[in-house]
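Numbering (our numbering), first residue to last: 4 to 333.
Note that CB positions come from ideal geometry on N, CA and C, so glycine has one too.
Note that the structure is predicted; figures quoted are calculated from it, not measured.
Input: a single structure, listed below in structure tokens.
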């Protein structure tokens, strides 16, 4: 079952797990759990109140979309990583000066005009759609439409919140949009010297986290990426901006076919230190995969990479023109 959604966060090659569950961005674990159980009761074959011919469709929604969404958002570590991905996406999109993307729904336009009442308007509009999100499982197009609308609300909310936080005198870290580590932005890739790269590599080898690096590499060699991820998560708690750790984390996620998560860590590795051999290797493998996807879809590789790097296209689901008024004024 392919939902084929091209609105909101889905527009940017990102599965919107919050929209699928019908839960607002930044919801606490208890709310996520309660929402999941409510949907599960509606869709599970034993309790689903639809004709037998539609029960298979309901079960597919549950097993292929609801369960994976809950699996990711229900765990603190994967939820935090996902929210970091959302924060990075909103930051990149907000920086696109030439984007001219129009809103795709009336409810999205309403949220874009919320002004200082962003939080209250977001919650109210979100609940108005999510309340009966899966009540009509015999009408798949209606379910898909509601997920698309929720995802557009999520995208608008993230962008407006980023814009609001960017104007604040001090930008506190929020649950919905974790702050991007400053060191990942201070040194652009083309300004990293070979000497600095070598120094960073030496620091990693000699640091207390060197053991984590060796064990993670060994796990990857043994085709045990989940164990490598556990090692690297602990290592990143000690050194959160280490390019080697992020590069290996990206490779681990690639081997698990978690492309979105892989892109987050590989991009961080590349931003921090493009001369790092591990970061370079990870970037090369990611590019090869993106090129293969592009060729399979009949697109030019360079066009696909540009799209996956969130360069906005004109289309039905964009929002920059409405939210940011076109080009930024100096």
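| request: Name the residue from 294, 270, 159 whose alpha carbon lies nearest to the alpha carbon of residue 27. | output: 159
| query | Is residue 139 helix, strand or coil by DSSP? | reply | coil
| said: With a threshold of 6 Å on Cβ separation, who are the neighbours of residue 250 within its own chain once the five nearest residues in sequence on each side are excluded? | reply: 272, 281, 282, 285
| said: Whole angstroms are fine: how far does the CA of residue 240 sit from the CA of residue 268? | reply: 14 Å
| task | Whole angstroms is fine: what's the gap from residue 34's alpha carbon to residue 25's? | result | 11 Å
| Close beta carbons around residue 254, own chain, < 6 Å, minus the five adjacent residues each side | 285
| field | Proximal residues to residue 190 (C-beta, below 7 Å), its chain only, five neighbours per side dropped | value | The predicted model places residue 190 with a pLDDT of 39, which falls under 50 and marks its position as unreliable, so this point remains unresolved.
| task | Within its chain, find whatever has a CB closer than 7 Å to the CB of residue 313; leave out the 5 residues flanking it on each side and keep chain order. | result | Any answer about residue 313 is weak, because its pLDDT of 45 lies below 50 and its placement is not dependable; what the coordinates show is given next. Excluding sequence neighbours, residue 313 sits near 15, 92, 95, 96.
| query | Alpha carbon to alpha carbon, how far is residue 276 from residue 298? | reply | 29 Å
| field | 8 Å Cβ cutoff met for residue 257 and residue 296 | value | no
| request: To the nearest angstrom, report how far apart residue 167 and residue 157 are at their CA atoms. | output: 15 Å
| request: Would you kindly check if the distance between the Cβ of residue 42 and the Cβ of residue 129 is under 8 Å? | output: no
| field | Residue nearest to residue 62 in terms of C-alpha spacing, selected from 75, 78, 45 | value | 45
| field | For residue 118, the nearest candidate out of 229, 162, 259, 248 (CA to CA) | value | 162
| If we count the other Cβ atoms within 10 Å of its Cβ and call it buried at 16 or more, is residue 226 buried or exposed? | exposed
| message | Among 66, 71, 260, whose alpha-carbon lies nearest the alpha-carbon of residue 20? | response | 71
| said: Quick check: the Cα distance between residue 121 and residue 38, rounded to an integer number of angstroms? | reply: 23 Å
| message | Please list the terminal residues of the continuous alpha helix (DSSP H) segment that includes residue 262. | response | 262-275
| field | Segment limits, alpha helix (DSSP H) that includes residue 32 | value | 32-46
| Where residue 335 sits in the DSSP three-state scheme | A query on residue 335 cannot be resolved here, the shown segment of the chain reaching from 4 to 333 and no further.
| query | What's the gap between the Cα of residue 265 and the Cα of residue 230? | reply | 16 Å
| field | Spatially closest choice to residue 246 from 279, 85, 152, by CA coordinates | value | 279
| Is the CB-CB distance between residue 222 and residue 238 below 8 Å? | no
| Should residue 50 be labelled buried (16 or more other beta-carbon atoms within 10 Å of its own) or exposed? | exposed
| message | Taking the alpha helix (DSSP H) that residue 294 belongs to, which residues open and close that run? | response | 280-299
| field | residue 241: first and last residue of the uninterrupted alpha helix (DSSP H) it sits in | value | 228-241
| To the nearest whole angstrom, what separates the beta carbons of residue 143 and residue 86, a pair I think is in contact under 8 Å? | In fact, because the Cβ distance is near 29 Å, the residues do not count as touching under 8 Å.
| task | Report the option in 134, 300, 81, 212 whose CA atom is closest to the CA atom of residue 261. | result | 81
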